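Visitor: My structure is below; once you've seen it, I'll send some questions.
Protein chains: 2
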Amino acid sequence: MLSAELPQGAVPKLERPGPLRERVYEALLELITSRTLPPGQHLVESELAGQLGVSRQPVREALQRLSNEGWVDLRPAQGAFVHAPTDEEADQLLTVRTLLEAEAARLAAANATSAGIRELEALCAVGEEAARREDVETVVDTNAAFHSKVMELAGNAVLAELAARVDQRVRWYYTPVARQRGARSWQEHRELIAAITDRDEQRATGVMRTHTEHTRASYQSHSWEEGQG
Amino acid sequence: MLSAELPQGAVPKLERPGPLRERVYEALLELITSRTLPPGQHLVESELAGQLGVSRQPVREALQRLSNEGWVDLRPAQGAFVHAPTDEEADQLLTVRTLLEAEAARLAAANATSAGIRELEALCAVGEEAARREDVETVVDTNAAFHSKVMELAGNAVLAELAARVDQRVRWYYTPVARQRGARSWQEHRELIAAITDRDEQRATGVMRTHTEHTRASYQSHSWEEGQG
DNA sequence: CGACGGTAGATTGTCTACAGTATGTGATCG
DNA sequence: CGATCACATACTGTAGACAATCTACCGTCG
Chain A
1 MLSAELPQGA VPKLERPGPL RERVYEALLE LITSRTLPPG QHLVESELAG
51 QLGVSRQPVR EALQRLSNEG WVDLRPAQGA FVHAPTDEEA DQLLTVRTLL
101 EAEAARLAAA NATSAGIREL EALCAVGEEA ARREDVETVV DTNAAFHSKV
151 MELAGNAVLA ELAARVDQRV RWYYTPVARQ RGARSWQEHR ELIAAITDRD
201 EQRATGVMRT HTEHTRASYQ SHSWEEGQG
Chain B
1 MLSAELPQGA VPKLERPGPL RERVYEALLE LITSRTLPPG QHLVESELAG
51 QLGVSRQPVR EALQRLSNEG WVDLRPAQGA FVHAPTDEEA DQLLTVRTLL
101 EAEAARLAAA NATSAGIREL EALCAVGEEA ARREDVETVV DTNAAFHSKV
151 MELAGNAVLA ELAARVDQRV RWYYTPVARQ RGARSWQEHR ELIAAITDRD
201 EQRATGVMRT HTEHTRASYQ SHSWEEGQG
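Chains as they are written, first to last, in full-length UniProt numbering: chain A, 1 to 229; chain B, 1 to 229.
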């Protein structure tokens with residue numbers, strides 16, 4: 001028992017450096033998602049180690065984690081290569097994403113609290129406002145936050161983790177197409193909130209499915225345009 | 001170009017030992033799923049290294065992969081502990097499993113070839129026969145093969161990989177309850193085959209959903225009995 | 001008698017060194 | 001001139017060693 005009850009979050013947690021492999025992992029993931037390291041790039045352990053100022057071991061461990069999560073391919077006795085997704089794989093990822101998001105919407109309809117719904121509405125307002133200002137960065141961030149919130153309201157941590165991984169991969173593959181679906185997307189978000197508020201699992205699933213399929217269509221049409229170059 | 005066309009599979013692939021971390025990973029996974037290493041067990045790198053006759057490094061790498069896949073918890077500067085799932089987590093895993101299997105059934109209905117359907121029927125026959133003989137091991141293996149085949153026919157590698165991971169975790173958590181749903185389960189498999197043959201995605205989804213939910217109910221009722229001890 | 005501080009043991013995190021293997025290049029032979 | 005073989009190179013795979021950190025126990029003080 002503590003002698004004094006501390007206010008929640010009062011302790012600054014005093015920034016621990018944390019394991020090196022973690023920081024290396026994050027650094028490499030940033031380099032990959034930002035396309036500084038393009039798909040197919042050969043990643044040499046000693047080079048990365050030198051550039052990051054650490055030994056090879058943390059780099060190895062980070063690379064293996066990246067391999068497990070599908071960011072790099074680890075060919076035996078040859079090294080790590082940034083994964084180059086095929087169109088087929090990208091399509092499969094989108095299918096799975098749709099599936100997971102739709103289920104999250106269903107569970108959110110079943111479990112969401114009214115406080116959670118208010119948070120969704122708040123995010124929606126922010127997103128709509130940013131869309132009006134054509135503030136792309138805020139739109140993208142808020143969109144991610146909205147979907148993340150729906151996932152949180154679903155209350156299924158396993159589902160959330162899978163979805164997070166799949167989402168990040170999808171975003172990576174389609175980042176070259178700087179998509180922007182404007183106001184229509186947020187209108188669909190509003191419909192989703194309505195379905196969740198009504199506790200209508202079927203409708204929530206359907207709305208989310210339609211929504212992510214629209215996003216898919218948007219992605220792929222842009223992808224085709226890019227593909228011509 | 002090769003001077004002589006070799007018959008497919010004629011080359012024995014001359015058993016490569018493969019990376020040590022891989023073999024260590026498989027060994028540890030076997031020890032965990034077989035409950036030789038019980039949940040909560042503290043895994044000490046140097047001990048495992050000694051017992052397996054290798055250095056600490058391959059053990060470390062295997063442990064980190066196991067951590068990424070949810071088999072062990074890796075507490076910083078303290079070591080690895082076999083993951084101890086909560087009832088809530090197990091339930092969430094079952095939910096996700098149902099979702100993934102149902103989608104696989106839908107895709108299989110959309111994409112299965114008639115050859116694939118015949119393979120499903122063959123597996124079904126084997127399973128039914130084993131069920132009659134009350135050959136539990138064969139029943140379990142064939143059941144896994146059946147679901148794996150459905151997943152293969154779905155033709156979505158991303159989905160298949162996620163499902164494989166989730167399935168293995170589910171089986172691990174519920175292995176203490178040696179379940180056995182007998183003939184009823186195979187009847188449901190037959191219904192699934194019929195739906196796939198008819199290319200009826202809706203029905204295939206529904207049948208698989210019902211099927212896995214039955215399995216869930218079976219699991220949980222046994223789990224409750226166990227829980228009394 | 002309870003709480004605090006110090007010390008010892010053990011374990012992880014990281015670095016360096018060595019061995020094994022695949023790749024690319026150049027010389028040699030048909 | 002083309003193909004093949006041998007060599008050199010570079011990188012990964014593994015092992016061993018050192019430093020940092022956490023846990024547990026014990027003695028001491030209030």
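Beta carbons: idealized from backbone N, C-alpha and C, even for Gly.
Only a predicted model underlies this, so the values are computations on that prediction, with no experimental measurement involved.
(1) With 7 Å as the C-beta to C-beta threshold (strictly closer), list the residues of the segment 91-115 of chain A near chain B in chain order.
(2) Grouping DSSP H, G and I as helix and E and B as strand, with all else coil, what is A/Gly-18?
(3) B/Arg-65 versus chain A: which residues are under 7 Å apart at the beta carbon?
(4) Please list, in chain order, the chain B residues whose beta carbon lies closer than 7 Å to that of A/Pro-76.
(5) In this structure, how does DSSP classify A/Ala-4 when only helix, strand and coil are distinguished?
(6) In the DSSP output, which residue or residues are listed as bridge partners for A/Val-82?
(7) Going along the segment 153-182 of chain A in order, which residues come within less than 7 Å of chain B, judged by CB to CB distance?
(8) Tell me, please, which residues DSSP counts as bridged to B/His-42.
(9) Assuming A/Arg-97 contacts A/Val-158 (C-beta within less than 8 Å), just tell me the rounded distance between them.
(10) How about the segment 65-72 of chain B and the segment 202-210 of chain B: do they share at least three Cβ pairs that are nearer than 8 Å?
(11) Should A/Val-24 go down as buried or exposed, given a rule of 16 or more other Cβ atoms within 10 Å for buried?
(12) Looking at the C-beta of B/Leu-6, does it have a partner C-beta in chain A at a distance below 9 Å?
(13) Is there contact here, the segment 145-160 of chain A with the segment 75-86 of chain A, by at least three beta-carbon pairs under 8 Å?
(14) Using CA coordinates, which residue listed in B/Trp-186, B/Asp-91, B/Gln-168 and B/Arg-190 is at the minimum distance from B/Ser-34?
(15) Between A/Thr-215 and A/Glu-47, what straight-line distance do the alpha-carbon atoms span, to the nearest angstrom?
(16) Per DSSP, what kind of secondary structure is residue 230 of chain B in: helix, strand or coil?
(17) Does B/Arg-181 come out as helix, strand or coil in the three-state DSSP assignment?
(18) Does A/Gln-57 come within less than 9 Å of chain B when only Cβ atoms are used?
(19) Taking 7 Å as the limit between beta carbons, can you name the residues of its chain near A/Arg-60, skipping five residues before and five after?
(20) So, helix, strand or coil for B/Gly-53, using DSSP?
(21) Using only CA atoms, which one of B/Gly-127, B/Val-170, B/Thr-205 and B/Trp-186 lies nearest to B/Ala-90?
(22) Report all residues from its chain with a CB closer than 7 Å to the CB of B/Ser-3; omit the five preceding and five following residues, and keep chain order.
(23) Just to make sure I have the definition right: I need the residues of chain A whose C-beta is within less than 9 Å of the C-beta of B/Glu-89. Which are they?
(24) Under 9 Å, Cβ to Cβ, is there at least one residue of chain B near A/Arg-60?
(25) Let's see if you can read the secondary structure: which residues bound the alpha helix (DSSP H) around A/Ser-34?
(26) Within the same chain, show all residues whose beta-carbon is closer than 8 Å to that of A/Leu-100, passing over the 5 residues directly before and after it, in chain order.
(27) Looking only at its own chain, which residues have a Cβ that is under 6 Å from the Cβ of B/Pro-39, when we skip the five neighbours before and after it?
(28) Quick one: residues in its chain with C-beta nearer than 8 Å to the C-beta of B/Asn-111, no 5 flanking neighbours on either side, listed in chain order?
(29) Does the segment 190-202 of chain A come within contact of the segment 189-209 of chain B, defined as at least 3 CB pairs closer than 8 Å?
(30) Using the beta-carbon count (16 or more within 10 Å), is A/Val-136 buried or exposed?
(31) Helix, strand or coil for A/Asp-200, going by three-state DSSP, please let me know.
(32) Determine the DSSP secondary structure at B/Leu-135, reduced to helix, strand or coil.
(33) Grouping DSSP H, G and I as helix and E and B as strand, with all else coil, what is B/Thr-175?
(34) Considering only residues of the same chain and omitting the five flanking positions on each side of A/Cys-124, which have a CB-CB separation below 8 Å?
(35) To the nearest angstrom, how far is it from the Cα of A/Ile-117 to the Cα of A/Thr-197?
Guide: Quick look at the numbers:
(1) Per Cβ criterion, the list reads Gln-92, Leu-93, Thr-95, Val-96, Leu-99 and Glu-103.
(2) coil
(3) Correct list: Gln-64 and Asn-68.
(4) The answer, in chain order, is Pro-19.
(5) Its pLDDT being 45, under 50, A/Ala-4 is placed unreliably by the model, and the measurement read from it follows with that caveat. Coil, per DSSP.
(6) Answer is A/Val-72.
(7) Asn-156, Ala-157, Val-158, Leu-159 and Leu-162
(8) Under DSSP, the beta-bridge partners assigned to B/His-42 are B/Phe-81.
(9) In fact, because the Cβ distance is near 16 Å, the residues do not count as touching under 8 Å.
(10) no
(11) buried
(12) Model confidence at B/Leu-6 stands at a pLDDT of 43, short of 50, so the residue's coordinates are unreliable and nothing is read from them.
(13) Result no; under three Cβ-Cβ pairs closer than 8 Å.
(14) B/Gln-168
(15) Spanning the two alpha carbons is a distance of roughly 38 Å.
(16) This structure leaves residue 230 of chain B out entirely; chain B is present only between 1 and 229.
(17) In the structure shown, B/Arg-181 sits in coil (DSSP, three-state: anything other than H, G, I, E or B).
(18) yes
(19) Glu-45
(20) It is coil, neither helix nor strand.
(21) Selection B/Gly-127, B/Val-170, B/Thr-205 and B/Trp-186 evaluated against B/Ala-90 yields B/Val-170 as nearest (Cα-Cα).
(22) The predicted position of B/Ser-3 is uncertain, since its pLDDT is 41 and thus under 50; a value taken from the coordinates is nonetheless stated next. Within the same chain, B/Ser-3 has no close Cβ partners at all.
(23) Ala-157 and Val-158
(24) yes
(25) Note, A/Ser-34: premise wrong, no alpha helix (DSSP H); not H, not E.
(26) Leu-159, Leu-162, Ala-163 and Val-166
(27) Val-82 and Ala-84
(28) Leu-153, Ala-154 and Gly-155
(29) no
(30) exposed
(31) In this structure, A/Asp-200 counts as coil in the three-state DSSP scheme.
(32) Before going further, note that residue 135 of chain B is Asp rather than Leu in the sequence given. B/Asp-135 falls in the coil class under three-state DSSP.
(33) coil
(34) Phe-146, Trp-186, His-189, Arg-190 and Ile-193
(35) Rounded to whole angstroms, the gap between the alpha carbons of A/Ile-117 and A/Thr-197 is 7 Å.
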